[in-house]
Structure formats: structure tokens, C-alpha cells
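Q:
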Amino acid sequence: MHELSATQNILHIVMDHAERNHADSVSAINLVVGDFANIVPDCVGYYWKIITEGTIYADAVLRFDRRPAIFECDDCGSQFEITREMTACPQCGSDHVTFISGDELLVESIEIVRNEKEK
Amino acid sequence: MTSIKVPIIENILEANDFVAEENRKIFSDHNIFCINIMAAPGAGKTALIVKTIELLKDKIRIGVIEGDTASVTIDSDQVVMAGAPAVQVTTAGECHMDAMMVRKGMEQLPLDDLDLVIIENIGNLICPAEWDLGSHANALVASVAEGDDKPWKYPNIYRNLDVLLITKTDLIPYVDYDIDHFKSGVEILNPGLVTFPTSAKTGDGFPAWTEWLSKKTKAAAEK
Ligand SMILES: Nc1nc2c(ncn2[C@@H]2O[C@H](COP(=O)(O)OP(=O)(O)OP(=O)(O)O)[C@@H](O)[C@H]2O)c(=O)[nH]1
Ligand SMILES: [Mg+2]
Numbered sequence: 119m120h121e122l123s124a125t126q127n128i129l130h131i132v133m134d135h136a137e138r139n140h141a142d143s144v145s146a147i148n149l150v151v152g153d154f155a156n157i158v159p160d161c162v163g164y165y166w167k168i169i170t171e172g173t174i175y176a177d178a179v180l181r182f183d184r185r186p187a188i189f190e191c192d193d194c195g196s197q198f199e200i201t202r203e204m205t206a207c208p209q210c211g212s213d214h215v216t217f218i219s220g221d222e223l224l225v226e227s228i229e230i231v232r233n234e235k236e237k
Numbered sequence: 004m005t006s007i008k009v010p011i012i013e014n015i016l017e018a019n020d021f022v023a024e025e026n027r028k029i030f031s032d033h034n035i036f037c038i039n040i041m042a043a044p045g046a047g048k049t050a051l052i053v054k055t056i057e058l059l060k061d062k063i064r065i066g067v068i069e070g071d072t073a074s075v076t077i078d079s080d081q082v083v084m085a086g087a088p089a090v091q092v093t094t095a096g097e098c099h100m101d102a103m104m105v106r107k108g109m110e111q112l113p114l115d116d117l118d119l120v121i122i123e124n125i126g127n128l129i130c131p132a133e134w135d136l137g138s139h140a141n142a143l144v145a146s147v148a149e150g151d152d153k154p155w156k157y158p159n160i161y162r163n164l165d166v167l168l169i170t171k172t173d174l175i176p177y178v179d180y181d182i183d184h185f186k187s188g189v190e191i192l193n194p195g196l197v198t199f200p201t202s203a204k205t206g207d208g209f210p211a212w213t214e215w216l217s218k219k220t221k222a223a224a225e226k
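Keeping their order, the protein sequence lines are chains A and B. Sequential numbering of the first sequence, starting at 119, is according to the numbering used here. Sequential numbering of the second sequence, starting at 4, is according to the numbering used here.
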């Protein structure tokens, strides 16, 4: 999978916002990851350690907010989650279903630390 | 010491999407239609591209960007033999092409003298689906030899397709492949998807596919 490039992109976004907010370090990164985004959180954590070693980002905790894949039936309008295999609508059996959400891959927020400055 | 939460909400693949959007604009400015062809390894992407070039090259000027994980020119050599300029971009082991690689390929193609650019993506059914390259259409080549259950097992790649090619149809008698079962899975993910069953070996289905591709190319040129 493309966890390495995803992790590099996460780092770019985090660096950008940490610098703008004068962070001395970053304590946590909150990510939103849909089930259809094909990202394995453990792999991101692994790459994170490697690419941030020795930086103010190295000790950040990565939190993954997983979102299920949601589909909506075009015929009966019911919404349902798909966790593994693709299925027809569980309510009415229709094959006509539309993907609604679940492919998100976002940096939602970061938690930064500012050391007290001597005046 | 103070701890502060900074709200962000930024798409992790945004940098790629930005370059992809630029690519699309460059193609459009040159009146070029660009199609990204994805598939599993060995599904028949190169065979399809070569036959398509042979059938269309007198009417449409075609260039090809060949993505490969290794720096072997096996596929691009075949394309050049068929009579179209081809550039090879190597992903250095990565499982997908991204918009920046396509940009590098574009820079080596004579864009002023082309009507259609075909991108042969890396053989993979998972990762290429996530990366917008800046094409105007995304195609999937699904060979019958892979089995009729693939829409259920690799749902993501079917969702963003504009056209589907079911290839190696000449092999249907030898593999247990139920084309209706396959299509019912596709219908769930991408209702009404334009689909062409083809065989690069017999040429079956190519008239309909090349007609679709010619129409799209002409429409892009007239814009
Ligand atoms: N019988 C039959 N064989 C085919 C057809 N299309 C391709 N093949 C064969 O399938 C094999 C793989 O075809 P390629 O066109 O190289 O497949 P590809 O998707 O480009 O492969 P990679 O680029 O390596 O991922 C070759 O041996 C082709 O001759 C077809 O329509 N019918
Ligand atoms: Mg090939």
C-alpha cells in the first residue's frame, strides 16, 4: 500500500501548521481514516517513527478515527455499512446502491506544545 | 508549558490532487484526451494499448506514458513498435503512479502533436485507485482469467471508473467465468458503467471500444 507516501504527506501538513502556530513540539495528531481509504494505521505509525526521528514530531501520538464505508440504496433509500464484502442492499436486496462516505484521509487537528518563554 | 489544539482538516493526498488538476489542464490546453488504464499485473493492458494503436493510429495521434516499477522497457518497446511515441516512467518500486510521475512523462511527449495520451498504470488493483493522475477518464482492464469475483474483492478500483474493459474473452471457455456475476458486482459499485468485452487475441469487441475512445478524443479536441 501507499502508507509511506501518505505518512510523508501527513508530516508536511503537520509541519506546516506546527510552524505557523510556533509549536515547540507536537504531542498528538488526530487523523480521520475511512475504511475505504486503504490505509493500515500500524504501518503509518511505523513510518512515522522512521521519518520523524530526532525531530519535534517524533513523540506525537497518532490517533486514528476510523470511519466505516457507508452506502445508500437508490431504491429504498436505506443507508448501510459495508465492513468487508460488497453486498446488495440488506433491506430490499437492490443492486443499485451509491457510495456515500468512508474514503476520507484527513488530518483533523494536531495538539501542539509551547514551552513557557522567559520574559 | 501550554498545550494547544490546532484544528486543520486537510486532505492528506491534496498535494497530489493539485498536481493532477494541473496535468488535466495542460492536456486540455493541448486539446488532448487523456485516459488512465489500470489493471492487475498481466491483465492485458499492454496488449490492449498496442491493438488500440494499430486500429486508430491512422486517425488519431496517440502517445503513451508507461508506468513500471522496474526500469525495463518491455512494454514501451511494444508501444513504439506499434507506431506511437512512448515514454517510460519508473516508480522505483512504488505500487502506483502519482500525478508528479505523469507530469515527468508528459514533459517528454510531443504534446503539440498528439490527440490522445494513454497512461498504462502499474499492475495493481488497490493503490492506483487512490491517485488522481490528471486524466480525463479512468479505465480498468479486468481479464476473465482473474475470475468473476473481483468486484467484491477489490471494490475501490471500480468506483471511480469511466469505462471498463473485460479482456481475454477468448479464454472464457477455459476458465470458470460467469460474466453476468461479474457485471452484477460492478453494477453495485458503479451503476451503468460503460463496459466493453474484448479480446486482444481475436480482436473481438475492439470496434466498439475504439469507437468510444475516438468519440471521447474528438469531443476533447472540439472543446
Ligand atoms: N488469450 C489472450 N491472451 C492475452 C490477451 N491479452 C493479453 N494476453 C496475454 O496476456 C499476457 C499479459 O498481457 P500484457 O498485455 O503484457 O498485460 P499487462 O497488463 O500489460 O501486464 P503488466 O504490464 O506486466 O502488468 C501476455 O502473454 C499476453 O499475450 C487476450 O485478449 N487473450
Ligand atoms: Mg504492461
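Note that beta-carbon positions come from the ideal geometry of N, C-alpha and C, so glycine has one too. Note that the structure is predicted; figures quoted are calculated from it, not measured.
Please return the same chain residues whose Cβ sits closer than 7 Å to the Cβ of leucine 128 of chain B, not counting the five positions on each side in sequence.
A: Counting only Cβ-Cβ distances below 7 Å, and skipping sequence neighbours, we find Ala43, Tyr157, Ile160.
Q: Tell me the DSSP bridge mates of serine 196 of chain A?
A: Answer is none; serine 196 of chain A lacks a bridge partner.
Q: Between A:Lys167, A:His214, A:Asp183, A:Gly172, which lies nearest to phenylalanine 189 of chain A when the distance is taken from Cα to Cα?
A: Residue A:His214 is the option with its Cα nearest to phenylalanine 189 of chain A.
Q: Using 8 Å as the cut-off, classify the Cβ of glycine 126 of chain B as near or not near the heavy atoms of ligand 2, replying yes or no.
A: It does: the Cβ of glycine 126 of chain B is within 8 Å (strictly closer) of some heavy atom of ligand 2.
Q: When the Cα of threonine 201 of chain A is compared with those of A:Met133, A:Arg138, A:Asp153, which residue comes out closest?
A: Measuring from the Cα of threonine 201 of chain A, the nearest candidate turns out to be A:Asp153.
Q: I think arginine 64 of chain B touches aspartate 135 of chain B, with their Cβ atoms under 8 Å apart; what is that distance to the nearest whole Å?
A: Not quite, the Cβ-Cβ distance comes to about 25 Å (not below 8 Å), so this is no contact.
Q: What residues are listed by DSSP as bridge partners for leucine 143 of chain B?
A: Looking at the DSSP assignment, leucine 143 of chain B forms a beta bridge with B:Met41, B:Leu167.
Q: In the DSSP assignment, the alpha helix (DSSP H) including glutamine 81 of chain B goes from what residue to what residue?
A: Unbroken alpha helix (DSSP H) run through glutamine 81 of chain B: 77-85.
Q: Take asparagine 148 of chain A and list the residues in its own chain whose beta-carbon comes closer than 6 Å to its own, dropping the five residues that flank it on each side.
A: Cβ within range, chain order: Arg181, Glu226, Ser227.
Q: Going by DSSP in three states, leucine 149 of chain A sits in which element: helix, strand or coil?
A: Strand at leucine 149 of chain A.
Q: Going along chain A, which residues have a C-beta under 8 Å from alanine 18 of chain B?
A: The contacting residues are Asn127, His130.
Q: Look at the alpha carbon of threonine 170 of chain A and the alpha carbon of alanine 176 of chain A, and state the distance between them as a whole number of angstroms.
A: Whole-angstrom Cα-Cα distance: 5 Å.
Q: Strictly by DSSP, which residues pair up with glutamate 123 of chain B?
A: DSSP lists B:Ile40, B:Glu69 as partners of glutamate 123 of chain B.
Q: With DSSP as the reference, label alanine 89 of chain B as helix, strand or coil.
A: Looking at alanine 89 of chain B - three-state DSSP - the assignment turns out to be strand.
Q: What are the residues that DSSP puts in a beta bridge with isoleucine 128 of chain A?
A: None; isoleucine 128 of chain A has no bridge partner.
Q: Does at least one heavy atom of ligand 1 sit under 8 Å from the Cβ of glutamate 123 of chain B?
A: Correct: glutamate 123 of chain B has its Cβ closer than 8 Å to ligand 1.
Q: How about asparagine 26 of chain B: is its C-beta nearer than 9 Å to some C-beta of chain A?
A: No, asparagine 26 of chain B lies away from the interface with chain A (no Cβ there is under 9 Å from its Cβ).
Q: Buried or exposed: which applies to phenylalanine 217 of chain A, given that a residue is buried once 16 or more other Cβ atoms fall within 10 Å of its Cβ?
A: Per the 10 Å Cβ criterion, buried.
Q: Distance check for alanine 50 of chain B and glycine 206 of chain B, CA to CA, integer angstroms please.
A: Going by the C-alpha atoms only, they are around 11 Å apart.
Q: Does any CB atom of chain B fall closer than 9 Å to the CB of arginine 232 of chain A?
A: Yes, arginine 232 of chain A lies at the interface with chain B (some Cβ there is under 9 Å from its Cβ).
Q: Can you list, in chain order, the residues of its chain with a C-beta nearer than 6 Å to that of alanine 141 of chain A? Leave out the 5 residues immediately preceding and following it.
A: Only Ile230 meet the Cβ criterion.
Q: If the cut-off is 7 Å on Cβ atoms, which residues from the segment 162-192 of chain B count as contacting chain A, listed in chain order?
A: Within the segment 162-192 of chain B, the residues whose Cβ lies closer than 7 Å to some Cβ of chain A are Arg162, Ser187, Gly188, Glu190, Ile191, Leu192, listed in chain order.
Q: Assign proline 154 of chain B to one of two classes, buried (16 or more other C-beta atoms within 10 Å of its C-beta) or exposed (fewer than that).
A: By the neighbour-count rule (16 or more Cβ atoms within 10 Å), proline 154 of chain B is buried.
Q: Can you name the residues of chain A whose CB is closer than 8 Å to the CB of glutamate 149 of chain B?
A: The contacting residues do not exist; glutamate 149 of chain B stays about 16 Å from chain A at best.
Q: Assign aspartate 151 of chain B to buried or exposed, taking buried as 16 or more other Cβ atoms, counted over all protein chains shown, within 10 Å of its Cβ.
A: So aspartate 151 of chain B ends up on the buried side.
Q: Is glutamate 17 of chain B closer than 9 Å to aspartate 78 of chain B when the C-beta atoms are compared?
A: Cβ distance not < 9 Å, so aspartate 78 of chain B and glutamate 17 of chain B don't count as in contact.
Q: Let me confirm a value: serine 74 of chain B is counted as buried when at least 16 other C-beta atoms fall within 10 Å, else exposed. Which label applies?
A: Classification for serine 74 of chain B: exposed.
Q: I'd like to know whether the C-beta of isoleucine 200 of chain A is nearer than 9 Å to at least one C-beta of chain B.
A: Yes, contact with chain B.
Q: Per DSSP, what are the beta-bridge partners of cysteine 191 of chain A in this structure?
A: DSSP output for cysteine 191 of chain A lists A:Val215 as bridge partner(s).
Q: Taking only three categories from DSSP, how would you classify aspartate 207 of chain B?
A: The answer is coil: DSSP assigns aspartate 207 of chain B none of H, G, I, E or B.
Q: Beta-carbon of valine 225 of chain A versus every beta-carbon of chain D: anything under 9 Å?
A: The structure shown contains no chain D; its protein chains are A and B.
Q: Pick helix, strand or coil for lysine 8 of chain B, following the three-state DSSP scheme.
A: Note: lysine 8 of chain B maps to strand in three-state DSSP.
Q: Can you tell which of B:Ala211, B:Arg27, B:Glu214 has the C-alpha that lies nearest to the C-alpha of leucine 114 of chain B?
A: Of the listed residues, the one whose Cα sits closest to leucine 114 of chain B is B:Arg27.
Q: Would you say the beta carbon of aspartate 78 of chain B is closer than 8 Å to some non-hydrogen atom of ligand 2?
A: Result yes, Cβ under 8 Å from ligand 2.
Q: List, in chain order, every chain B residue whose beta-carbon is nearer than 7 Å to that of aspartate 153 of chain A.
A: Ordered by position in chain B, no residue passes the 7 Å Cβ test against aspartate 153 of chain A, which lies about 10 Å from the chain.
Q: For alanine 142 of chain B, I'd like the list of residues in its chain whose CB is within less than 8 Å of its CB, leaving aside the five on either flank, ordered along the chain.
A: Ile38, Asn39, Ile40, Met41, Leu164, Asp165, Val166, Leu167, Leu168, listed in sequence order.
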